[in-house]
Amino acid sequence: MFIIEDKGDAIAIMCASLLFLGTWPAVLTLLERRGRLPQHTYLDYSITNLFAAVFIALTFGQLGEAKHNMPNFFTQLSQDNWPSVLFAMAGGVVLSIGNLSTQYALAYVGLSLTEVISSSMVVVIGTTVNYFLDKRINRAGILFTGVACFLAAVILGSSVHASNALDNEQKLSGSTNNYKLGKTGGTETRKQVKGKVPISDAPRDLEDGASADYATKAEAGTADYLIELEERRSIKVFGSSTYIGLGIVFFSGICFSLFSPAFNLATNDQWHTLKDGVPHLVVYTAFFYFSISCFIIGIGLNILFLYRPMAGVPKSSFKAYLNDWEGRQWALLAGFLCGFGNGFQFMGGQAAGYAAADAVQALPLVSTFWGILLFGEYRKSSKKTYTLLAFMLVMFIAAVATLMASSGHRSTK
Numbered sequence: 025m026f027i028i029e030d031k032g033d034a035i036a037i038m039c040a041s042l043l044f045l046g047t048w049p050a051v052l053t054l055l056e057r058r059g060r061l062p063q064h065t066y067l068d069y070s071i072t073n074l075f076a077a078v079f080i081a082l083t084f085g086q087l088g089e090a091k092h093n094m095p096n097f098f099t100q101l102s103q104d105n106w107p108s109v110l111f112a113m114a115g116g117v118v119l120s121i122g123n124l125s126t127q128y129a130l131a132y133v134g135l136s137l138t139e140v141i142s143s144s145m146v147v148v149i150g151t152t153v154n155y156f157l158d159k160r161i162n163r164a165g166i167l168f169t170g171v172a173c174f175l176a177a178v179i180l181g182s183s184v185h186a187s188n189a190l191d192n193e194q195k196l197s198g199s200t201n202n203y204k205l206g207k208t209g210g211t212e213t214r215k216q217v218k219g220k221v222p223i224s225d226a227p228r229d230l231e232d233g234a235s236a237d238y239a240t241k242a243e244a245g246t247a248d249y250l251i252e253l254e255e256r257r258s259i260k261v262f263g264s265s266t267y268i269g270l271g272i273v274f275f276s277g278i279c280f281s282l283f284s285p286a287f288n289l290a291t292n293d294q295w296h297t298l299k300d301g302v303p304h305l306v307v308y309t310a311f312f313y314f315s316i317s318c319f320i321i322g323i324g325l326n327i328l329f330l331y332r333p334m335a336g337v338p339k340s341s342f343k344a345y346l347n348d349w350e351g352r353q354w355a356l357l358a359g360f361l362c363g364f365g366n367g368f369q370f371m372g373g374q375a376a377g378y379a380a381a382d383a384v385q386a387l388p389l390v391s392t393f394w395g396i397l398l399f400g401e402y403r404k405s406s407k408k409t410y411t412l413l414a415f416m417l418v419m420f421i422a423a424v425a426t427l428m429a430s431s432g433h434r435s436t437k
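Counting in our numbering, the sequence shown runs from 25 upward without gaps.
What follows is the structure in structure tokens.
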């Protein structure tokens with residue numbers, strides 16, 4: 025069994041987790057903006073997310089000799105450790121619901137702000153809980169300085185979104201475009217864009233997995249770009265209240281705040297729920313059960329959403345999902361990235377403390393990079409928006425540095 029014991033190795037694997045966890049939301053955003061239904065995307069994502077956990081369990085958790093009080097993966101499957109298993113699965117449930125909510129939040133308020141608010145809530149709430157669960161192995165003065173930086177980042181993130189939304193309103197109000205959106209019973213009525221008829225006006229056969237697209241593309245950051253983006257995407261957000269998006273983001277943030285403490289309880293049994301002599305769950309076994317519950321919730325809810333969709337998303341069917349191959353490889357990639365990202369976070373947290381491992385929640389640093397590079401977020405925005413964005417990123421850099429510096433060492437003896 026592979027066990028991380030060195031503090032430097034723990035920090036290195038947490039940095040890899042930061043990269044993976046900051047990238048997979050960008051992949052989901054890319055697919056949604058290309059018109060792929062979120063239900064289809066999440067079903068694909070759930071498959072490879074579980075596969076990543078199985079791979080980690082069968083390699084890191086099984087290969088090599090077991091250590092004292094740390095049985096290999098297959099050995100633990102037959103032990104009487106169900107209280108810890110239930111904690112792990114509870115963590116998977118709240119993470120799955122949080123990830124599902126994030127799909128819709130990304131459409132309403134954008135990649136950068138969604139990750140800023142949800143990640144900051146994880147650090148403010150989850151890190152505080154983990155600090156006490158871990159018996160204060162992290163240096164409190166440094167740790168909570170990092171928590172304060174994350175709290176400042178969420179305030180700045182909200183200001184960035186408000187400023188950017190105002191910028192977009194001004195762009196649209198000054199546009200000579202004759203585009204209009206009307207809503208009737210959750211359906212959208214689309215008009216021509218400067219005489220160009222979007223392909224989405226043609227009949228769209230979901231059974232064939234067709235996706236909407238445009239024959240032309242406007243310059244990123246312009247009013248025409250915002251309008252064309254609205255036509256292509258699968259979740260329509262024009263005319264929707266910003267508070268709806270922010271409400272979804274805060275709900276997902278609460279869910280994300282609970283999964284790491286639940287996993288901490290599963291692997292360290294701070295509440296003494298296991299019988300005497302039963303070893304604690306090793307991180308790989310706990311992650312396996314954690315991911316099974318993620319998979320069950322993700323698959324179940326998204327099959328339901330195929331027939332009873334949310335947020336004005338078109339209805340679909342399981343047959344339509346099976347036939348929808350466009351973008352499937354990206355959805356499968358997102359599942360791998362999230363699965364390995366979560367696994368690496370837990371491996372680092374078991375070594376250096378889960379409070380320090382919450383430094384990976386600085387993933388908005390990565391997500392903002394992808395948002396600007398791939399999606400033109402904040403393109404042609406005001407100086408005020410750029411200034412707030414710069415301060416937000418500085419706070420995240422400070423938070424990562426302080427949380428990593430607070431890393432402790434958990435004894436494996």
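We put the CB at the ideal spot given by N, CA and C, even for glycine.
Check                                                                                                                                                             : Outcome
Assign residue 8 to one of three DSSP states: helix, strand, or coil.                                                                                             : Look at the range of the chain in this structure, 25 to 437, and you will see that residue 8 is not part of it.
For the alpha helix (DSSP H) that contains residue 311, what are its first and last residues?                                                                     : 307 to 331
Nearest-angstrom Cα distance between residue 300 and residue 426?                                                                                                 : 38 Å
Please identify the residue among 110, 307, 345, 312 whose C-alpha is closest to the C-alpha of residue 327.                                                      : 345
How should residue 360 be labelled, buried or exposed, when 16 other C-beta atoms within 10 angstroms of its C-beta is the threshold for buried?                  : buried
For the alpha helix (DSSP H) that residue 80 lies in, which residues bound it at each end?                                                                        : 62 to 83
From residue 202 to residue 251, what distance separates their C-alpha atoms?                                                                                     : No answer about residue 202 holds up, because its pLDDT of 46 lies below 50 and its placement is not dependable.
Only counting runs of 4 or more residues, tell me where the alpha helix (DSSP H) segments fall wholly within the stretch 97 to 168, in order along the chain.     : 97 to 101, 106 to 133, 135 to 145, 152 to 157
Measure the C-alpha to C-alpha separation of residue 33 and residue 142 and round it to an integer number of angstroms.                                           : 27 Å
Which residue spans inside the stretch 164 to 197 form an unbroken beta strand (DSSP E) run of at least 3?                                                        : none
Counting Cβ pairs closer than 8 Å, one from the stretch 79 to 86 and one from the stretch 300 to 315, do we hit at least three?                                   : yes
Can you have a look at residue 322 and say buried or exposed, based on whether 16 or more other CB atoms are within 10 angstroms of its CB?                       : buried
Go ahead and pull the three-state DSSP assignment for residue 31.                                                                                                 : helix
Measure the C-alpha to C-alpha separation of residue 100 and residue 324 and round it to an integer number of angstroms.                                          : 27 Å
Measuring straight from C-alpha to C-alpha, what distance separates residue 319 and residue 144?                                                                  : 25 Å
Who are the Cβ neighbours of residue 115 in its own chain at under 6 Å, not counting the five residues just before and after it?                                  : 283, 286, 287, 314
Are the CB atoms of residue 97 and residue 290 within a distance shorter than 8 Å?                                                                                : no
Roughly how many whole angstroms lie between the Cα atoms of residue 59 and residue 158?                                                                          : 44 Å
Taking one C-beta from the stretch 376 to 390 and one from the stretch 62 to 77 each time, how about it: are there three or more such pairs within less than 8 Å? : no
The alpha helix (DSSP H) with residue 339 in it runs from where to where?                                                                                         : It is not in any alpha helix (DSSP H) - residue 339 carries neither H nor E in the DSSP assignment.
So which of 31, 26, 40, 30 has the shortest CA-CA distance to residue 384?                                                                                        : 40
What would DSSP say about residue 452, mapped onto helix, strand or coil?                                                                                         : This structure gives no information on residue 452, because the portion of the chain shown stretches from 25 to 437.
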